[in-house]
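Number of protein chains: 2
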Amino acid sequence: RLSIPTLRRLPLYYNIVRHAVDMGEQYISSSNIADVLNIDPTQVRKDIAAIGYGGKPKIGFNTKELAEYLRTFLGFDKQRNIIIVGAGNLGIALAKYEGFANQGMKIKALFDVNPNMVGAHIAGKDILSMDELESYIKDNDIKIVILTVPAKAAQNVANKLFSYGIEAVWNFAPVNISHPRNVLVWNHDLVASFVTFLQLIPGSPGA
Amino acid sequence: RLSIPTLRRLPLYYNIVRHAVDMGEQYISSSNIADVLNIDPTQVRKDIAAIGYGGKPKIGFNTKELAEYLRTFLGFDKQRNIIIVGAGNLGIALAKYEGFANQGMKIKALFDVNPNMVGAHIAGKDILSMDELESYIKDNDIKIVILTVPAKAAQNVANKLFSYGIEAVWNFAPVNISHPRNVLVWNHDLVASFVTFLQLIPGSPGA
Ligand SMILES: NC(=O)c1ccc[n+]([C@@H]2O[C@H](COP(=O)([O-])OP(=O)(O)OC[C@H]3O[C@@H](n4cnc5c(N)ncnc54)[C@H](O)[C@@H]3O)[C@@H](O)[C@H]2O)c1
Ligand SMILES: NC(=O)c1ccc[n+]([C@@H]2O[C@H](COP(=O)([O-])OP(=O)(O)OC[C@H]3O[C@@H](n4cnc5c(N)ncnc54)[C@H](O)[C@@H]3O)[C@@H](O)[C@H]2O)c1
């Protein structure tokens, strides 16, 4: 219903408006928000209207109210329990990252096949064995998984996750994971994205 | 000149075609490539034509030739020296990642302000002091930087990098870095992207 570009901007608006609340500012306008992101204020106005929030054109939006509205809309008021499968370099970096908590996301545990990792405790979370994955997912009502296993393991592990009722997988392995229609999978190839970005350097063939 | 969606697909085509070469397949068709990515073969054909490569419709593309063409087009045949600024969890995960080398990218060194990190050696690369940043960039002709410092340091560090002649910055700190027009900056807010993705789960307000 909402476009993907709008959905991309909403979390950014939330951060900006929440920052304004922290700074003690009572009101914020579309132009204020637009300036931070270097976009058109009309786009900001349209997006906020599209999610059903009205503002006073002369004064702007009440920061506390808009922050709260965005927070609820984006589901940050609900705790979402997440697990990380693949406790390697990237998995551990993500596990330590405190930025998830602001958005209502809690990384509950990590999973790995490597017996040297299993049993370790990182950033307040346990690294558990893959044997415990199915029961953990069911006991903790886990719907969302961050997948940071090597490419050759990714599809196999994903297939297990689908069979355990997972609804969304954020996949960092550089393979295109096939999945049932009712599961959301984001194949997020960081390096391919980086390469795309480098194509835009003036002088590159792609630029 | 080329659209961003096309530029996004090209590195993915390269991986697929190179894989076919490794598997000893002599030819590959647009349909073969399209199947892996679950996209329309016509799109693949158009993209490959758009970068100036012709194929034989009946037989398909010669895998070695197309791989070589894509490799050159994407600049993977040129070594691109990259540095990482901010040798924390994410910086170190990226430094250890071997996926960059396939694409002609070499992470040469990391930089940090933390004296406990400076002098360490990770994945064959030194962690150097920020005092050495300017001379290192000039001596090694560094044009591309991966920025993995905390949000509050990001703009300051970026300003230094711009003054040292850096052309492209891949920024992971969750702030929108302002930059001169002739520098390419990608503000890659991983968590905001993840949140956007979660909006698409059936049942979410955004879905
Ligand atoms: N590190 C990066 O910066 C980076 C960047 C882009 C993409 N990636 C991709 O992300 C993934 C993780 O990268 P990394 O650098 O953390 O790799 P890593 O090798 O450090 O970690 C992978 C972990 O997965 C575990 N594992 C292997 N098979 C498993 C299985 N079947 N079930 C559960 N766990 C299993 C391993 O024991 C290991 O701990 C890789 O696919 C990589 O290509 C990483
Ligand atoms: N870790 C993740 O999974 C993750 C995910 C999304 C975004 N990020 C963002 O990426 C950045 C890095 O995350 P992290 O988890 O590695 O953080 P971290 O705190 O582990 O690492 C940051 C590093 O930057 C160094 N640093 C601080 N100020 C500096 C300066 N002025 N110059 C050079 N180095 C400086 C620190 O000493 C530290 O080693 C942060 O902005 C974070 O918000 C991280």
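The listed protein sequences correspond, in order, to chains A and B.
Just so we're aligned, residue 1 is where the first sequence starts under the working numbering, counting upward by one.
Just so we're aligned, residue 208 is where the second sequence starts under the working numbering, counting upward by one.
Think of the CB as a built atom: it goes at the ideal place given N, C-alpha and C, for glycine as much as any other residue.
- Message: With the cut-off set at 7 Å, would you say A/F172 and A/T148 are in Cβ contact?
- Response: Position 172 of the first sequence, counted from the start, is the residue given in the question as residue 172 of chain A. Position 148 of the first sequence, counted from the start, is the residue given in the question as residue 148 of chain A. Their beta carbons are under 7 Å apart, which means A/F172 touches A/T148 by this criterion.
- chain B partners of A/E167, CB-CB under 7 Å? As a working note, residue 167 of chain A is residue 167 in the first sequence. Chain B residues near A/E167: I408.
- Message: With a threshold of 7 Å on Cβ separation, who are the neighbours of B/A327 within its own chain once the five nearest residues in sequence on each side are excluded?
- Response: Here residue 327 of chain B refers to the residue found at position 120 when the second sequence is read from its first residue. Same-chain partners within the cutoff: I334.
- Of the residues A/K64, A/S129, A/A158, which one's Cα is nearest the Cα of A/N116? If you number the first sequence from 1, residue 116 of chain A lands on position 116. Comparing C-alpha distances from A/N116 to each of A/K64, A/S129, A/A158 shows the shortest one belongs to A/S129.
- Can you give me, in chain order, the residues of the stretch 270-287 of chain B that have a beta carbon less than 9 Å from any beta carbon in chain A? T279, F280, L281, G282, F283, R287
- Query: Going by alpha carbons, who is nearest to B/D229 out of B/G259, B/A274, B/I255, B/F404?
  - Reply: Taking the second sequence and counting its residues from 1, the one referred to as residue 229 of chain B is at position 22. For the set B/G259, B/A274, B/I255, B/F404, the Cα lying nearest the Cα of B/D229 is the one of B/A274.
- Item | Under 8 Å by beta carbon: chain B residues contacting A/Q155 | As a working mapping, residue 155 of chain A is identified with position 155 in the first sequence. By Cβ distance, chain B contributes nothing, its closest Cβ being about 12 Å from A/Q155, past 8 Å.
- Message: Please return the same chain residues whose Cβ sits closer than 7 Å to the Cβ of A/Y69, not counting the five positions on each side in sequence.
- Response: As a first step, residue 69 of chain A must be located in the first sequence, where it is residue number 69. If the five residues before and after A/Y69 are omitted, its C-beta is found closer than 7 Å to the C-beta atoms of Y53, all from its own chain and listed in chain order.
- Message: If we require 4 or more residues per run, which alpha helix (DSSP H) segments fall completely within the stretch 385-413 of chain B?
- Response: 397-405
- Task: Determine, using beta carbons only, whether A/A158 and A/I146 come nearer to each other than 7 Å.
- Result: Translated into positions along the first sequence, residue 158 of chain A becomes position 158. Translated into positions along the first sequence, residue 146 of chain A becomes position 146. Not a contact, by the Cβ cut-off of 7 Å.
- Message: Rounded to whole angstroms, what is the Cα-Cα separation between A/I4 and A/P180?
- Response: Counting from one through the first sequence, the residue named residue 4 of chain A turns up at place 4. Counting from one through the first sequence, the residue named residue 180 of chain A turns up at place 180. Rounded to whole angstroms, A/I4 to A/P180 spans 21 Å at the Cα level.
- Query: Going along chain B, which residues have a C-beta under 7 Å from A/G99?
  - Reply: Numbered from its first residue, the first sequence carries residue 99 of chain A at position 99. The contacting residues are P381, V398.
- Whole-angstrom distance between B/A375 and B/I289, CA atom to CA atom: In the second sequence, the residue the question calls residue 289 of chain B occupies position 82. In the second sequence, the residue the question calls residue 375 of chain B occupies position 168. Those two C-alpha atoms are separated by around 10 Å.
- Contained alpha helix (DSSP H) runs [length at least 4] in the stretch 312-357 of chain B, N- to C-terminal order: 340-346
- Limits of the unbroken beta strand (DSSP E) element including A/V44: Numbered from its first residue, the first sequence carries residue 44 of chain A at position 44. Where A/V44 is concerned, there is no enclosing beta strand (DSSP E), although the alpha helix (DSSP H) it sits in stretches over 41-50.
- Message: Please identify the residue among A/L37, A/E65, A/S29, A/G75 whose C-alpha is closest to the C-alpha of B/G410.
- Response: Along the second sequence, read from residue 1 onward, the residue named residue 410 of chain B stands at position 203. For the residues A/L37, A/E65, A/S29, A/G75, the minimum Cα distance to B/G410 belongs to A/G75.
- Pick from B/V243, B/D284, B/N347, B/I349: whose alpha carbon is nearest that of B/G311? Walking along the second sequence from the start, residue 311 of chain B turns up at place 104. Closest by alpha carbon: B/D284.
- Item | Closer than 7 Å at the beta carbon, the chain B residues around A/Q103 | The residue you call residue 103 of chain A lines up with position 103 of the first sequence. Within chain B, the residues near A/Q103 are V398, V402.
- Item | Any non-hydrogen atom of ligand 2 closer than 6 Å to B/L397 Cβ | Taking the second sequence and counting its residues from 1, one reaches residue 397 of chain B at position 190. At least one heavy atom of ligand 2 is nearer than 6 Å to the Cβ of B/L397, so yes.
- Check whether A/L200 and B/L219 have beta carbons under 7 Å apart: Locating residue 200 of chain A in the first sequence gives position 200, where the first residue counts as 1. Locating residue 219 of chain B in the second sequence gives position 12, where the first residue counts as 1. The answer is no: Cβ separation not under 7 Å.
- Message: Please report the straight-line C-alpha distance between B/D247 and B/S237, rounded to a whole angstrom.
- Response: As a first step, residue 247 of chain B must be located in the second sequence, where it is residue number 40. As a first step, residue 237 of chain B must be located in the second sequence, where it is residue number 30. When rounded, the distance between both Cα atoms is 9 Å.
- Message: What are the residues in the stretch 124-143 of chain A lying within 7 Å of chain B by C-beta distance?
- Response: none
- Given A/S135, which residues of its chain have a CB within under 6 Å of its CB, disregarding the five upstream and five downstream residues? The count along the first sequence starts at 1 and reaches residue 135 of chain A at position 135. Here the set comprises nothing.
- Query: What's the C-alpha gap between B/F268 and B/V251?
  - Reply: Here residue 268 of chain B refers to the residue found at position 61 of the second sequence. Here residue 251 of chain B refers to the residue found at position 44 of the second sequence. Rounded to whole angstroms, B/F268 to B/V251 spans 12 Å at the Cα level.
- Determine which residues share a DSSP beta bridge with A/R80 and list them. Translated into positions along the first sequence, residue 80 of chain A becomes position 80. DSSP lists A/M105 as partners of A/R80.
- Query: Given that B/R215 touches chain A, what residues does it touch there, using C-beta distances under 8 Å?
  - Reply: Working through the second sequence from its first residue, we reach residue 215 of chain B at position 8. Within chain A, the C-beta atoms nearer than 8 Å to that of B/R215 come from A192, S193, T196, in chain order.
- Item | Members of the stretch 23-56 of chain A near chain B, C-beta cut-off 8 Å | Within the stretch 23-56 of chain A, those residues whose Cβ lies closer than 8 Å to any Cβ of chain B are, in chain order, V36, L37, N38, I51.
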